[in-house]
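All you need for the numbering used here is the position in the sequence shown, starting with 1, plus 1251. Each residue gets a CB set at the ideal place from its N, CA and C atoms; glycine is no exception. Only a predicted model underlies this, so the values are computations on that prediction, with no experimental measurement involved. First comes the structure, then the notes that go with it.
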Amino acid sequence: MAGNAFHAAEPADQSGISRAQGAVFIGILLALILKTTLDTFFEGIADHNTLGAVLAVMNKQLAKSVLLVCQLIVFLFALIRFYWGSFRYYQQKPKVEETPEVAVDLLGALLLFMSFYVVSLLIRTTSLFYYGLILVNGVDLAWFLLATTHLALQEGMRKVAGWYILFDVLTVVAVGLTTGADAIWGPTRFFVFQFLALFAVLAIGVWDLIKLWSYYKNAPDWQDKLR
């Protein structure tokens, strides 16, 4: 089943790059981003020796502290979604394919995870973080537009790509509108526009998992369920 989503048959030439290499590549990128995210988020926490001291610092700026924790949760949720989607993408590839096509795939994955890396450095900001979310989804949108117009996707994966394009457009619009509103009328005391943006990203992500759950879990009939 793994090769059916992209090619009718696996190429006879076994000199290309394997899908396993692609999966390992994005796994390494994921580990790097997770480390950077946690290092950035918890920077300076060792200066506070007890849980009470940490809570006291958080309580001084309670709204901002809650926002930053929510940003971390939503970011990790988005990162897992993108990683899971990338992993399944490579599962649907032939075991071995020609270098030019896999080079395009790896370039797309590299640009996407580079954008995630940038956002991981912004995890404790209350404005730039949202521009980073727009960047991530914009890169993902550009990649899927390229894939659907220049790569030989078969019907099942093309439908998945169409849904990803929709989710990316909705995310860019939602975060763009709330970030623009915050630039005009903010910052607000309780970070209203930021929380609205996080809610939108989370809601779209949950919709993604519900709609494409059969694809994510690699159900035997996932292509039929997308019809």
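For residue i and residue j, what's the separation of their Cα atoms in angstroms?
i	j	result
LEU1386	PHE1292	20 Å
LYS1487	ILE1435	Absent from the model: residue 1487. The displayed extent of the chain is 1252 to 1478, so no value can be given.
GLY1267	HIS1401	Residue confidence is low: GLY1267 scores 42 on pLDDT, short of 50, so the model does not pin down where it sits. No coordinate-derived value is stated.
ALA1470	TYR1368	31 Å
LYS1315	LEU1447	14 Å
ALA1425	TYR1466	25 Å
VAL1423	ASN1310	32 Å
ILE1277	LEU1362	11 Å
Return the chain-ordered list of same chain residues with a C-beta closer than 8 Å to the C-beta of residue i, the five sequence neighbours on each side being excluded.
i	result
ILE1296	VAL1305
Grab the span of the alpha helix (DSSP H) containing residue i for me, first residue to last.
i	result
ALA1470	ALA1470 -> no alpha helix (DSSP H), and no H or E assigned at all.
ASN1300	Premise fails: ASN1300 is in no alpha helix (DSSP H) and is neither H nor E.
LEU1480	The structure shown does not extend to residue 1480, since the chain is modelled only from 1252 to 1478, so the question has no answer here.
ILE1435	1406-1436
PHE1293	Here PHE1293 belongs to no alpha helix (DSSP H), and DSSP marks it neither H nor E.
PHE1441	Unbroken run through PHE1441: none, as it is neither H nor E.
Determine the burial state of residue i: buried for a count of at least 16 other Cβ atoms within 10 Å of its Cβ, exposed for fewer.
i	result
GLN1312	exposed
LEU1302	exposed
MET1252	Low confidence applies here, because MET1252 scores a pLDDT of 36, under 50, leaving its location unreliable and the question unanswered by this model.
ILE1461	exposed
Could you pull out every residue in the same chain whose Cβ sits closer than 6 Å to the Cβ of residue i, ignoring the five residues on either side in sequence?
i	result
GLY1359	TRP1394
LEU1379	LEU1373
LEU1280	PHE1364
What does a CB cutoff of less than 7 Å around residue i pick up in its chain, not counting 5 residues either side in sequence?
i	result
LEU1449	CYS1321, GLN1322, VAL1325
Determine whether the Cβ of residue i lies closer than 8 Å to any Cβ atom of chain B.
i	result
PHE1395	Absent from the structure is chain B; it holds one protein chain and no more.
For this session: Evaluate the contact criterion for the segment 1428-1443 versus the segment 1392-1409: three or more CB pairs, one atom per stretch, below 8 Å.
Result: no
Exercise. So, do the segment 1312-1329 and the segment 1438-1453 have three or more beta carbon pairs nearer to each other than 8 Å?
Worked result: yes
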